[in-house]
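Participant: Structure below; questions to follow.
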Amino acid sequence: MNIISNFVFRQSICLSTRHLLINNRTYKSNLSYDKLFPNSKSLDTLSGPITAPTNESTGKDKFNGFIPTDKLDITHRHARGPGGQHVNKTLSGVEIRFHIDSATWIPDWIKPRFRDMYQSRINRDGYFIIFSDETRHRLLNQAQCLDRIRALIRDASIIPKGLSEEEKKTIEQRKQSASSERVIRKRMHSLNKQDRKSSSIDLN
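According to UniProt numbering, the stretch in the sequence shown is residues 1 to 204, in order.
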């Protein structure tokens with residue numbers, strides 16, 4: 001009898017445990033991804049390989065903002081300036097350089113303007129160099145360098161628009177007005193000098 005009762009007790013424990021496991025699998029918290037974002041894709045669909053954007057996907061003549069880190073020469077150096085012993089012990093400073101002509105991720109038409117605008121940052125071999133040590137964290141300094149490179153490339157991609165005829169006329173009028181005012185000031189200055197000379201002669 002004891003054997004039968006023990007068997008029944010064990011079976012009931014197994015069934016209750018199985019029931020709990022099944023309920024735990026289907027239970028979802030109010031803060032779960034599916035309840036917070038019901039209209040978005042499941043996380044399972046985001047587990048595929050992530051491909052980097054290319055110029056072909058956004059247009060070959062436009063910089064898409066993507067900078068491949070495997071195409072950069074990244075080195076870590078001692079930070080400059082004050083900071084105590086931490087500056088001398090850790091390589092938190094980040095220097096990034098890349099060869100402009102070999103950078104396939106920069107549209108070709110931007111490269112000449114990029115070289116002209118930032119000649120002071122380019123060495124003899126055609127490498128653009130940028131350095132950051134503003135924080136004590138290496139990754140933050142590297143991210144800052146990448147943000148600067150991205151901003152500089154976008155600045156070089158902006159083509160200044162030509163002036164319209166009205167803008168040219170306005171600029172010419174301002175130039176003429178400034179020159180006439182300059183002539184008037186000179187004339188007034190010379191008259192004041194003459195008045196001072198004549199007054200000094202009368203006193204004598």
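Ideal Cβ positions, reconstructed from N, Cα and C, are used throughout, including at glycine.
Here the structure is a predicted model, which means the values were calculated and not measured.
Is D108 helix, strand or coil when you go by DSSP?
Facilitator: In the sequence shown, residue 108 corresponds to position 108, counting from 1. In this structure, D108 counts as coil in the three-state DSSP scheme.
Participant: Using DSSP's beta-bridge definition, name the partner residues of I129.
Facilitator: Mapped onto the sequence shown, residue 129 falls at position 129. R97.
Participant: Quick check on T58: buried or exposed, where buried means 16 or more other Cβ atoms within 10 Å of its Cβ?
Facilitator: For the purposes of this step, residue 58 is taken as the residue at position 58 of the sequence shown. Because T58 sits at a pLDDT of 47, beneath the cut-off of 50, its placement in the model cannot be relied upon, and the following sentence gives the value as read from the coordinates. Exposed, because fewer than 16 other Cβ atoms sit within 10 Å of the Cβ of T58.
Participant: Using the C-alpha atoms, what's the distance from D155 back to T75?
Facilitator: Taking the first residue of the sequence shown as position 1, residue 75 is located at position 75. Taking the first residue of the sequence shown as position 1, residue 155 is located at position 155. Roughly 25 Å between the two C-alpha positions.
Participant: Name the one or two DSSP bridge partners that R121 has.
Facilitator: The sequence position of residue 121 within the sequence shown is 121, counting from 1. DSSP, once it has assigned bridges, lists no residue as partnering R121.
Participant: At what residues does the beta strand (DSSP E) containing D73 begin and finish?
Facilitator: Here the question's residue 73 lines up with position 73 in the sequence shown. Where D73 is concerned, the enclosing beta strand (DSSP E) stretches over D73 to R77.
Participant: Quick one: is D73 buried, meaning 16 or more other Cβ sit within 10 Å of its Cβ, or exposed?
Facilitator: Numbered from 1 along the sequence shown, position 73 holds the residue referred to as residue 73. Label assigned to D73: exposed.
Participant: Output needed for D44: all residues of its chain with C-beta closer than 7 Å, excluding positions within five of it in sequence on either side, in chain order.
Facilitator: Numbered from 1 along the sequence shown, position 44 holds the residue referred to as residue 44. Since pLDDT at D44 reaches only 49, below the 50 mark, its modelled position is unreliable, and the value read off the structure follows with that caveat. Closer than 7 Å at the Cβ level, and outside the excluded window around D44, lies no residue.
Participant: At a cut-off of 7 Å, would you count P107 as near the ligand SAH, judging by its Cβ distance to the nearest heavy atom?
Facilitator: Ligands are entirely absent from the displayed structure, and the ligand SAH is therefore not among its contents.
Participant: Flag this pair as touching only if the stretch 132-139 and the stretch 159-168 have three or more C-beta atom pairs under 8 Å; answer yes or no.
Facilitator: Not touching, per the Cβ criterion.
Participant: According to DSSP, is F66 helix, strand or coil?
Facilitator: For this step, residue 66 is matched to residue 66 along the sequence shown. Coil at F66, not helix or strand.
Participant: From R174 to S180, what distance separates their C-alpha atoms?
Facilitator: The sequence position of residue 174 within the sequence shown is 174, counting from 1. The sequence position of residue 180 within the sequence shown is 180, counting from 1. In a straight line, the C-alpha of R174 is about 10 Å away from that of S180.
Participant: Measure from the alpha carbon of Y118 to the alpha carbon of each residue in V94, D70, L139 and I149, then state which is nearest.
Facilitator: Locating residue 118 in the sequence shown gives position 118, where the first residue counts as 1. Taking only the C-alpha atoms, the option nearest Y118 is I149.
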